[in-house]
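Just so you know, we're using the numbering used here here: the sequence shown kicks off at 4 and counts up by one. Even for Gly, the Cβ is constructed at its ideal location relative to N, Cα and C.
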Amino acid sequence: MSARIISGQEVALQIRGEIRQEVEGLKSAYGISPGLVTIIVGRNPASVSYVTGKQKTAKELGFYSVQEDCPEDISKADLLALIDRYNKNPDIHGILVQLPLPGHINETDVLYAIDPDKDVDGFHPVNMGRLMIGEALFYPCTPYGIQQLLIRSNIEIEGSEVVVVGRSNIVGKPVAMMLCQKAKGANATVTICHTGTRDLASHTRRADILIVAAGRPKAITADMVKEGAVVIDVGVNRIGMTPEGKAKLCGDVDFDAVREKASAITPVPGGVGPMTITMLMLNTLNAAKRSLKCQ
Ligand code: GUN
4 MSARIISGQE
14 VALQIRGEIR
24 QEVEGLKSAY
34 GISPGLVTII
44 VGRNPASVSY
54 VTGKQKTAKE
64 LGFYSVQEDC
74 PEDISKADLL
84 ALIDRYNKNP
94 DIHGILVQLP
104 LPGHINETDV
114 LYAIDPDKDV
124 DGFHPVNMGR
134 LMIGEALFYP
144 CTPYGIQQLL
154 IRSNIEIEGS
164 EVVVVGRSNI
174 VGKPVAMMLC
184 QKAKGANATV
194 TICHTGTRDL
204 ASHTRRADIL
214 IVAAGRPKAI
224 TADMVKEGAV
234 VIDVGVNRIG
244 MTPEGKAKLC
254 GDVDFDAVRE
264 KASAITPVPG
274 GVGPMTITML
284 MLNTLNAAKR
294 SLKCQ
C-alpha cells in the first residue's frame with residue numbers, strides 16, 4: 004500500500020480563501036484590516052526565510068503588515084520597548100517575535116512582554132495556560148495547523164491513539180495538550196515521547212496518528228510505524244542546497260519507506276509548513292475581530 008499524501012499546500016489554500024473573504028468583509032463593514040508585525044533579531048537564514056514567507060502571505064491576504072529588522076546586538080530593553088510600542092498601536096492586532104533569539108536575550112522575558120490579546124503565536128504563558136484548561140485565545144500556529152490538517156483530511160481524531168515525538172514548547176507540548184482536550188477534533192489518547200523515552204519504537208508502533216517533531220532527519224523509520232497509521236511530519240531539516248541555490252529540505256520521517264506502510268502521510272516541504280503560516284494569518288484575523296468587540 005502506498006499512503007495518501009496529505010497536501011498542506013491544498014488545505015492551506017482553502018483556508019486562505021476563507022480568510023481573504025473575511026478580510027474583505029471586515030474592510031467593508033468596519034474599515035479595518037488585520038495588522039501584523041513580525042520582529043526578527045539578527046539574520047539567521049532559516050528565520051529570515053520563515054519571516055519573509057509570513058510577510059508575503061499577510062500582504063497577499065490584504066493584511067496591514069509591518070516588518071521590524073533588529074540588529075543581532077539589540078539590547079533586551081530596546082527590544083521590549085519596541086514590543087511595547089506595538090502593544091499600544093491600535094492598527095496592529097498581532098505581534099510575532101521570531102524565535103530563536105540571540106543568547107543575550109531571555110526568550111521568556113520577551114514572550115511575557117507581548118500583550119496576550121496580540122499574541123498570535125500563542126506562546127505567552129497566559130495563552131499557554133489558557134490552552135491547557137481548554138480556554139485558548141490563540142492556538143500556537145503549528146499545532147493548530149496540524150489539527151486542521153487532520154480534521155479537513157477527514158481523519159478520525161476522537162478516541163484514537165496519538166503519539167507525539169518531541170516535547171518543545173512550540174509544537175510537542177501544545178499539540179499534545181490540544182488533542183487531549185474534551186472537544187470536537189480532539190478527545191484523543193495522547194502519549195508524548197522525547198529524548199528521555201526508553202523504547203521509542205514501542206510507543207510509536209501503537210500510534211493511529213503519529214506526530215513527529217523530533218528535529219532529526221529519519222528519526223522515524225518504517226519499522227517504527229504501525230500498518231495504516233497516519234503520519235504527520237513536522238521536521239524541517241536543511242540538508243544542502245539545490246542547484247538553484249534554494250535550501251534542500253527533508254523531514255524527520257524516512258518518507259519513502261514509511262509511505263509504504265502508512266495510510267496517509269504529510270510531505271516535506273508542502274505538508275505542515277504552509278499550514279503554520281496560514282494559522283498565523285487566521286489568528287491575526289481573529290485578533291482583529293476580537294479588538295472590534297472590545298471597543
Ligand atoms: N521559530 C520556529 N517556529 C516559530 C514560530 O512558529 N513562531 C515564532 N515566533 N518563532 C518560531
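**Near ligand 1: LEU102 beta-carbon under 8 angstroms from a heavy atom** = With a cutoff of 8 angstroms, LEU102 counts as near ligand 1, since its C-beta is closer than that to a heavy atom of the ligand.
**Asked** Since THR192 is in the beta strand (DSSP E), which residue starts that stretch and which ends it?
**Response** That run of the beta strand (DSSP E) goes 192-196.
**Closer than 8 angstroms: LEU82 CB and nearest ligand 1 heavy atom** = Checking the Cβ of LEU82 against ligand 1 gives no.
**Request:** Tell me whether the beta-carbon of LEU203 lies closer than 9 angstroms to the beta-carbon of ILE35.
**Result:** Not closer than 9 angstroms, so no.
**Asked** Any idea if ILE235 is buried or exposed, counting beta-carbon neighbours within 10 angstroms, 16 or more meaning buried?
**Response** It counts as buried.
**Asked** Should CYS73 be listed as close to ligand 1, given that the test is whether its C-beta is under 8 angstroms from any heavy atom?
**Response** No; taking the cut-off as 8 angstroms, the Cβ of CYS73 has no heavy atom of ligand 1 nearer than that.
**Length of the line joining the Cα atoms of LYS187 and GLU161** = The alpha-carbon atoms of LYS187 and GLU161 are separated by roughly 7 angstroms.
**Request:** Specify the secondary structure class of GLU164 as computed by DSSP and reduced to three states.
**Result:** Here DSSP, grouped into helix, strand and coil, assigns GLU164 to strand.
**Asked** Distance, Cα to Cα, ILE1 vs MET282?
**Response** Residue 1 is absent from the model: the chain starts at 4 and stops at 298.
**Request:** Kindly indicate the opening and closing residues of the alpha helix (DSSP H) around CYS144.
**Result:** It spans 144-155 - the alpha helix (DSSP H) in which CYS144 sits, taken as one unbroken run.
**Member of GLU247, THR192, LEU104 whose CA lies at the smallest distance from the CA of VAL166** = The alpha carbon of VAL166 has as its nearest neighbour, out of GLU247, THR192, LEU104, the alpha carbon of THR192.
**Item:** ILE223, DSSP secondary structure in three states
**Value:** Residue state, collapsed to three classes: strand.
**Asked** So the beta strand (DSSP E) LYS251 belongs to, where does it begin and stop?
**Response** Annotation for LYS251: the continuous beta strand (DSSP E) segment containing it runs 250-253.
**Item:** Endpoints, beta strand (DSSP E) assigned at ILE18
**Value:** Unbroken run through ILE18 is the alpha helix (DSSP H), 11-33; no beta strand (DSSP E).
**Item:** Residue range of the beta strand (DSSP E) that includes VAL129
**Value:** Boundaries for VAL129: no beta strand (DSSP E) harbours it, while the alpha helix (DSSP H) harbouring it runs 128-135, taken from the DSSP string.
**Message:** What I want to know is whether the C-beta of THR279 ends up closer than 8 angstroms to one or more non-hydrogen atoms of ligand 3.
**Reply:** In the structure shown, ligand 3 is absent; the only ligands present are ligand 1.
**Request:** Output the distance between the C-alpha atoms of VAL129 and ASP118, rounded to the nearest integer angstrom.
**Result:** Distance between the alpha carbons of VAL129 and ASP118: 10 angstroms.
**Asked** From ALA189, VAL168, ALA216, pick the residue whose C-alpha is nearest to that of ARG209; which is it?
**Response** Residue VAL168 is the option with its Cα nearest to ARG209.
**Prompt:** For GLY38, which residues does DSSP report across the bridge?
**Reply:** Bridge partners of GLY38: TYR67.
**Prompt:** When the distance is taken between beta carbons, is ILE98 closer than 9 angstroms to ILE86?
**Reply:** Yes, Cβ-Cβ distance for ILE86 and ILE98 is below 9 angstroms.
**Asked** Under the rule that 16 or more other beta-carbon atoms within 10 Å means buried, what is GLN151, buried or exposed?
**Response** That one is buried.
**Prompt:** Enumerated in chain order, which unbroken segments of the beta strand (DSSP E) with a length of 3 residues or greater are wholly contained in the segment 63-129?
**Reply:** List check, beta strand (DSSP E) in window: 67-73, 97-100.
**Request:** Give a single yes or no on whether PHE141 has its beta carbon closer than 8 angstroms to a heavy atom of ligand 1.
**Result:** Checking the Cβ of PHE141 against ligand 1 gives no.
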